[in-house]
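Q: Here it is, the structure, as structure tokens.
Numbering (our numbering), first residue to last: 4 to 600.
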């Protein structure tokens, strides 16, 4: 690389404080120094000792990010050579950045010839070698970077890896995930409020690749793959149609209670997808990063809010999240297959040739409904109500539907009891549902014991079937559904006001994603990073997200005194306005009935 000229870049005290704070909190300097240390006996020529240390390179990159500039090595070099002498000595570069060399560096211009430009280029390659050595310790790709190869050549290289080479790549992947956890944890330190319960929001975005994209492809083996071995092919948006190569980034953020206090809009989990990862794999890795940052569920199970890209396209998303201890809240705009969930099936009969037994348990609006609620079939796909255009009568009608669905909802044990791994029901999830009458929630004529007096009056189930179903004969019943239908089981009643309020929290993570790529906030730009590779892009993106989170936490503390004093969410005020409208409608209906009398 040939640098044309040198320009100084001013570093403020605030930027220096933020960069050094994030560096010291994360502990990346000793981590990289330990990973770069030789492990075996020294033989042959001694290793090359670069003049720029890990501490200097990392601090320079964090200073660039703190200044909301694009983190590349050219800008980092400008920052280092623009520091005052006391900070240069703090980084241990007083023998590298001397006043004489700094004065000579300032005089470098294109008119002075190649000799002076060569000095600047030499300094760039010196800092590049240190950064490249750092990234090689966490780069788990077996393919060379900046080398367009055929897809067949990369497949052969991956197939010919020895056991020792595969072990080394796994070790580098573990280091990469550890680095991500250290950076994200340091960025969101001190940002967890007391009222936060551990719920998370997931969203995916992408960065355009810096590698060549013309005439490349993954479809046929004879086509040349891009210079970056870790990119994904994706259609472009905007006026310029076509295809481009991107890096897929997955972010996680904290989700507040819909009707409670808000939480800081920060990044608490991060992951960058690699070749071979599914959407569910990347979501699981991001959720684990979220937990490692100290934002996991405090007690019980947490809730994950995800869009249709996760729930509608990935059949195993819900069960994988259940294994991690999280429920899933998804969009209500997902119609249920009529021919598969008209009823839920139980265990098969003893003889294989007999059909499965019908229980009479329905699945409406993301909940298991008992046989007495069969008349609610028209509301099985309850869409969200636009409250801004709805009248008071519409709100009352929706509330009546919600009350009816809740009346016949069968309580479950929460997460699926297990997933059947063998037999006729292989790949099916098992739930335990409870009769609402035996649970003491409703009085049902099919359950005489449910009519016993209770301290509080119970509603009565009027639309009961003529004969009891199998679920009416026992308290707990095992219910089997295919794993691909778990995306229709939700935490809240889909289409209800509570579900609409909870799913609307996804806008927070979308704002975070847009701010990370905006030029006036974080300014993360893929082509302007001037580097390729999953490890390098992921490391710089994680540092950018962590710095953005730390800046946001400082702003919250300045505005509210503490993150524990955050204001109530917008949905809290909408809920109060909705309650007032429903109360006004109830008073109007009651007055009309009195006049009729």
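Even glycine gets a Cβ: it sits at the ideal position worked out from N, Cα and C.
1) Apart from the five residues on each side of it in sequence, which residues of its chain come closer than 7 Å, Cβ to Cβ, to residue 247?
2) Give the C-beta separation of residue 127 and residue 80 to the nearest angstrom, bearing in mind that I take them to be a contact with Cβ-Cβ under 8 Å.
3) What is the DSSP secondary structure of residue 232, counted as helix, strand or coil?
4) Does the distance from the C-beta atom of residue 363 to that of residue 299 stay below 8 Å?
5) Opposite residue 446 in the DSSP bridges: which residues?
6) So, with DSSP's three-state summary, where would you put residue 439?
7) Could you check which residue in 538, 560, 519 has the C-alpha nearest to that of residue 144?
8) Tell me the DSSP secondary structure of residue 187 in three-state form.
9) Just the C-alpha distance for residue 370 and residue 433, rounded to the nearest angstrom, thanks.
10) Among 503, 365, 406, 548, whose alpha-carbon lies nearest the alpha-carbon of residue 524?
11) Figure out for me which residue from 63, 214, 367, 449 has the closest Cα to the Cα of residue 86.
12) Rank 105, 41, 90, 209 by C-alpha distance to the C-alpha of residue 528 and give the top, closest one.
13) In three-state terms, what does DSSP make of residue 23?
14) CB-CB under 6 Å to residue 375, same chain, minus the five flanking residues each way: which ones, in chain order?
15) Measure the C-alpha to C-alpha separation of residue 108 and residue 176 and round it to an integer number of angstroms.
16) Would you say residue 184 and residue 536 are within 8 Å of each other, going by their C-beta atoms?
17) Give every residue of the same chain whose Cβ lies closer than 8 Å to the Cβ of residue 643, excluding the five residues on either side of it in the sequence, and list them in chain order.
18) In whole angstroms, what separates the C-alpha of residue 199 from that of residue 304?
19) To test your reading of the DSSP string, which unbroken beta strand (DSSP E) runs of 3 or more residues are found completely within the segment 465 to 518?
20) Identify the continuous beta strand (DSSP E) that holds residue 365 and give its terminal residues.
21) Could you check what DSSP says for residue 100 in three-state terms: helix, strand or coil?
22) How big is the Cα-Cα spacing for residue 19 and residue 70?
23) What did DSSP end up calling residue 322 once you bin it into helix, strand or coil?
24) For residue 330, which residues does DSSP report across the bridge?
25) Would you mind sorting residue 396 into buried or exposed? The rule is 16 or more other CB atoms within 10 Å of its CB.
26) Buried or exposed, going by whether 16 or more other CB atoms sit within 10 Å of the CB of residue 260?
27) Can you tell me whether residue 564 is buried or exposed, with buried defined as 16 or more other CB within 10 angstroms of its CB?
28) Between the C-alpha atoms of residue 519 and residue 500, what's the straight-line distance to the nearest angstrom?
29) Short of 8 Å in beta carbon distance, which residues of its chain neighbour residue 140, apart from the five on each side in sequence? Order them along the chain.
30) Could you pull out every residue in the same chain whose Cβ sits closer than 6 Å to the Cβ of residue 21, ignoring the five residues on either side in sequence?
31) Please check the pair residue 82 and residue 12, which I expect to be a contact at CB under 8 Å, by giving their CB distance rounded to whole angstroms.
32) Can you tell me the Cα-Cα spacing of residue 257 and residue 389, whole angstroms?
33) How far does the alpha helix (DSSP H) with residue 257 in it extend, from its first residue to its last?
34) Any idea if residue 590 is buried or exposed, counting beta-carbon neighbours within 10 angstroms, 16 or more meaning buried?
35) In the DSSP assignment, the beta strand (DSSP E) including residue 394 goes from what residue to what residue?
36) Does residue 245 pass the burial test, meaning 16 or more other C-beta atoms within 10 Å, or should it be called exposed?
A: On the basis of the data shown:
1) 211, 216, 237, 239
2) 6 Å
3) coil
4) no
5) 463
6) coil
7) 538
8) helix
9) 15 Å
10) 548
11) 63
12) 209
13) helix
14) 411, 464, 466, 467
15) 39 Å
16) no
17) The displayed coordinates of the chain run from 4 to 600. Any statement about residue 643 would go beyond what the structure contains.
18) 13 Å
19) 479 to 485
20) 365 to 367
21) coil
22) 9 Å
23) helix
24) 306
25) exposed
26) buried
27) exposed
28) 31 Å
29) 35, 38, 39, 175, 178
30) 69
31) 5 Å
32) 26 Å
33) Residue 257 -> not in any alpha helix (DSSP H); beta strand (DSSP E) instead, spanning 246 to 257.
34) exposed
35) Run containing residue 394: none; DSSP gives neither H nor E here.
36) exposed
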